[in-house]
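Asker: In this text, residue positions in the sequence shown follow the working numbering: the first is 76, and each later residue adds one.
The structure under discussion is supplied below as structure tokens; questions concerning it will follow.
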Amino acid sequence: VGLSYDFYDFSCPQLEIFVRQGVASLILQDPTIPAALLRLMFHDCQVQGCDASILLDSGDSEMGSSKNFGIRHRMAILMLKSVVEAACPGRVSCADILILAARDAVALAGGPNIRVLLGRRDSVSTSYGAADASLPPASTGVDMMLSLFAAKGMTLRESVAILGAHTLGVTHCSSILERLKSQDSKDLFLKLKCRLGSLSSNLSFVQNDLTFLSFDNHYFRDAVEGRGVLRIDADMAVDPRTAIVMRQFAAKQEYFFQTFSSAFLKLSAAGVLTGNEGIIRRSCNSAG
Ligand code: HEM
Ligand SMILES: [Ca+2]
Ligand SMILES: [Ca+2]
Numbered sequence: 076v077g078l079s080y081d082f083y084d085f086s087c088p089q090l091e092i093f094v095r096q097g098v099a100s101l102i103l104q105d106p107t108i109p110a111a112l113l114r115l116m117f118h119d120c121q122v123q124g125c126d127a128s129i130l131l132d133s134g135d136s137e138m139g140s141s142k143n144f145g146i147r148h149r150m151a152i153l154m155l156k157s158v159v160e161a162a163c164p165g166r167v168s169c170a171d172i173l174i175l176a177a178r179d180a181v182a183l184a185g186g187p188n189i190r191v192l193l194g195r196r197d198s199v200s201t202s203y204g205a206a207d208a209s210l211p212p213a214s215t216g217v218d219m220m221l222s223l224f225a226a227k228g229m230t231l232r233e234s235v236a237i238l239g240a241h242t243l244g245v246t247h248c249s250s251i252l253e254r255l256k257s258q259d260s261k262d263l264f265l266k267l268k269c270r271l272g273s274l275s276s277n278l279s280f281v282q283n284d285l286t287f288l289s290f291d292n293h294y295f296r297d298a299v300e301g302r303g304v305l306r307i308d309a310d311m312a313v314d315p316r317t318a319i320v321m322r323q324f325a326a327k328q329e330y331f332f333q334t335f336s337s338a339f340l341k342l343s344a345a346g347v348l349t350g351n352e353g354i355i356r357r358s359c360n361s362a363g
């Protein structure tokens with residue numbers, strides 16, 4: 076696809092060190108940063124590929140889509156870019172910095188150390204309509220999830236593994252209103268956590284798993300025991316296609332880590348701009 080492991084070996088040999096150290100120092104200020112960076116990567120890659128389109132601040136910004144509710148810390152990438160830009164001016168794309176930051180977020184939160192391909196270029200434009208059409212709604216079920224990730228070349232187990240990203244971070248109660256209103260007893264624990272009254276508040280939230288600051292396989296253990304937070308988390312534990320894989324990941328963290336790593340590579344390489352396509356933005360929030 077035009078991506079390679081050694082893309083910046085000559086043009087910016089210290090790149091991976093800059094990003095790793097930058098993410099590490101951000102985590103000292105806010106331990107929930109890894110969750111934000113990992114979701115940011117998914118929401119970038121899902122809309123016209125991993126091209127840093129989510130960072131553009133034009134009037135028509137992707138952030139205007141309600142599907143991007145809860146996206147945090149886009150500024151972190153702008154900060155990392157300014158560190159990189161000081162040493163390697165005009166040479167490193169925002170899209171690659173975003174992928175490296177997400178990869179480092181996973182590793183620094185205790186997950187696998189994923190080797191990623193580099194050489195992506197940044198988009199010159201985007202639209203919030205594109206984001207609205209391509210991002211999955213909070214109510215996504217197993218069928219839609221599987222076709223979404225099959226389109227990225229993922230196998231069934233890779234699709235289940237990439238959802239293991241929900242081992243990090245939080246879900247706002249306003250994102251699970253359907254489950255909070257249902258009469259189903261399996262949704263009771265969420266009602267207790269969100270407490271009626273503040274249901275639609277943007278301020279109340281639940282942890283995605285018991286260890287929401289650590290990248291581990293607790294997400295799968297929780298889901299298998301009926302404590303999945305989002306509909307997709309809960310449904311994957313009972314759908315016969317995905318339930319077996321969920322139980323395997325719950326039992327064996329190393330197997331989850333390996334499968335997550337190959338899924339991450341596929342997500343981060345799908346539909347990217349390379350070569351002379353796109354540009355290298357000087358500042359990540361504007362196409363210049
Ligand atoms: C069908 C697929 C998916 C759906 C429907 C989905 C949906 C959601 C929703 C609704 C939230 C909560 C937002 C909020 O209320 O603040 C969330 C959080 C999150 N998602 Fe997903 N997601 C999906 C796949 C993914 C993937 C593939 C990744 C990463 C590779 C990911 C990473 C995250 C993370 C880390 C959070 C926590 C964010 C934070 O704490 O700031 N998700 N997801
Ligand atoms: Ca994008
Ligand atoms: Ca966890």
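Ideal Cβ placement from N, Cα and C applies to all residues, glycine included.
Cβ of V122 within 6 Å of any heavy atom in ligand 2?
Answerer: What you label residue 122 is simply residue 47 of the sequence shown in a count that begins at 1. Under cutoff, so the answer is yes.
Asker: If you measure from each CB to the nearest heavy atom of ligand 3 and keep those under 5 Å, what residues do you get, in chain order?
Answerer: Selection output, chain order preserved: T242, D284, T286, S289, D291, H293.
Asker: Which residues does DSSP list as the beta-bridge partners of N247?
Answerer: Within the sequence shown, numbered from 1, the residue matching residue 247 stands at position 172. Here residue 247 is His; the residue named in the question, Asn, does not match the sequence. Beta-bridge pairing links H247 to F280.
Asker: Between S168 and D197, is the Cβ-Cβ spacing less than 7 Å?
Answerer: Stepping through the sequence shown from its first residue, residue 168 is reached at position 93. Stepping through the sequence shown from its first residue, residue 197 is reached at position 122. Their beta carbons are under 7 Å apart, which means S168 touches D197 by this criterion.
Asker: In the DSSP output, what is L193 paired with across the bridge?
Answerer: Taking the sequence shown and counting its residues from 1, the one referred to as residue 193 is at position 118. DSSP lists S79 as partners of L193.
Asker: When the distance is taken between beta carbons, is G145 closer than 7 Å to H247?
Answerer: Numbered from 1 along the sequence shown, position 172 holds the residue referred to as residue 247. Numbered from 1 along the sequence shown, position 70 holds the residue referred to as residue 145. It is a contact, given that the beta carbons lie within the stated cut-off.
Asker: Runs of 4 residues minimum, wholly inside the segment 317-355: which ones carry the alpha helix (DSSP H) assignment?
Answerer: Complete alpha helix (DSSP H) runs here, min 4: 328-344.
Asker: Using the three-state DSSP reduction, which class does R357 fall into: helix, strand or coil?
Answerer: Taking the first residue of the sequence shown as position 1, residue 357 is located at position 282. Of the three classes helix, strand and coil, the one that applies to R357 here is coil, per DSSP.
Asker: Got a sec: does ligand 2 put a non-hydrogen atom nearer than 6 Å to the Cβ of D119?
Answerer: Taking the first residue of the sequence shown as position 1, residue 119 is located at position 44. Yes; taking the cut-off as 6 Å, the Cβ of D119 has a heavy atom of ligand 2 nearer than that.
Asker: Between I102, C125, L267, which has its C-alpha nearest T349's C-alpha?
Answerer: By 1-based counting over the sequence shown, the position of residue 349 is 274. It is C125.
Asker: Expressed to the nearest angstrom, what Euclidean distance is found between the alpha-carbon atoms of L231 and R166?
Answerer: Walking along the sequence shown from the start, residue 231 turns up at place 156. Walking along the sequence shown from the start, residue 166 turns up at place 91. Taking the straight line from one Cα to the other gives about 37 Å.
Asker: Sorted by chain position, which residues of the same chain lie with C-beta nearer than 6 Å to F82's C-beta, five sequence neighbours on each side aside?
Answerer: Here the question's residue 82 lines up with position 7 in the sequence shown. Within the same chain, F82 has close Cβ partners L193, G194.
Asker: Per DSSP, what kind of secondary structure is Q96 in: helix, strand or coil?
Answerer: Working through the sequence shown from its first residue, we reach residue 96 at position 21. If DSSP states are grouped into helix, strand and coil, Q96 belongs with the helices.
Asker: Three Cβ pairs or more, each shorter than 8 Å: is that satisfied between the segment 177-191 and the segment 153-166?
Answerer: Cβ pair count under 8 Å is below three, so no.
Asker: Just the C-alpha distance for L278 and T107, rounded to the nearest angstrom, thanks.
Answerer: Numbered from 1 along the sequence shown, position 203 holds the residue referred to as residue 278. Numbered from 1 along the sequence shown, position 32 holds the residue referred to as residue 107. If I take the Cα positions, the gap works out to 16 Å.
Asker: At which residue ranges does the segment 193-219 contain complete alpha helix (DSSP H) runs of 4 or more residues, listed in the order of the chain?
Answerer: Counting whole runs of 4 or more residues, the segment 193-219 contains the alpha helix (DSSP H) stretches 203-209.
Asker: Under the criterion of a Cβ to heavy atom distance below 6 Å, does D126 qualify as lining ligand 2?
Answerer: In the sequence shown, the residue the question calls residue 126 occupies position 51. Indeed, a heavy atom of ligand 2 lies less than 6 Å from the Cβ.
Asker: Within 10 Å of its beta-carbon, does I174 have 16 or more other beta-carbons around it, so buried, or fewer, so exposed?
Answerer: Within the sequence shown, residue 174 is the residue found at index 99, counting from 1. The residue is buried, with at least 16 neighbouring Cβ atoms inside 10 Å.
Asker: Which of helix, strand or coil does DSSP assign to N188?
Answerer: Residue 188 sits at position 113 when you count from the first residue of the sequence shown. N188: coil per DSSP, three-state reduction.
Asker: Going by CA-CA distance only, name the one from V313, E253, L305, S200 that's closest to D284.
Answerer: As a working note, residue 284 is residue 209 in the sequence shown. When only C-alpha atoms are compared, the closest one is L305.
Asker: Flag P211 as yes when its Cβ comes closer than 6 Å to any non-hydrogen atom of ligand 1, and as no otherwise.
Answerer: Position 136 of the sequence shown, counted from the first residue, corresponds to residue 211. Flag set: Cβ of P211 near ligand 1.
Asker: Three-state secondary structure (DSSP) at K261?
Answerer: Position 186 of the sequence shown, counted from the first residue, corresponds to residue 261. DSSP places K261 in helix when its eight states are reduced to three.
Asker: Could you have a look at H148 and say whether DSSP puts it in helix, strand or coil?
Answerer: The residue given as residue 148 occupies position 73 in the sequence shown. Looking at H148 - three-state DSSP - the assignment turns out to be coil, as it is neither helix nor strand.
Asker: Grab me the residues of K142's own chain with a C-beta within less than 7 Å of its C-beta, minus the 5 sequence neighbours each way, in chain order.
Answerer: The residue labelled residue 142 in the question sits at position 67 within the sequence shown. Counting only Cβ-Cβ distances below 7 Å, and skipping sequence neighbours, we find A206, D207, L210, P212.
Asker: Just the C-alpha distance for C359 and A309, rounded to the nearest angstrom, thanks.
Answerer: As a working mapping, residue 359 is identified with position 284 in the sequence shown. As a working mapping, residue 309 is identified with position 234 in the sequence shown. Roughly 36 Å separates the two Cα atoms.
Asker: For a test of your reading of the model: does the CB of A338 fall under 6 Å from any non-hydrogen atom of ligand 4? Yes or no.
Answerer: Judged by which ligands are present, ligand 4 is missing from the structure shown, whose ligands are ligand 1, ligand 2 and ligand 3.
Asker: Taking the alpha helix (DSSP H) that H241 falls in, what are its first and last residues?
Answerer: As a working mapping, residue 241 is identified with position 166 in the sequence shown. No alpha helix (DSSP H) contains H241, which DSSP labels as neither H nor E.
Asker: Tell me whether the segment 219-226 and the segment 146-154 touch, counting them as touching only if at least three CB pairs, one residue from each stretch, are closer than 8 Å.
Answerer: The segment 219-226 vs the segment 146-154: no contact.
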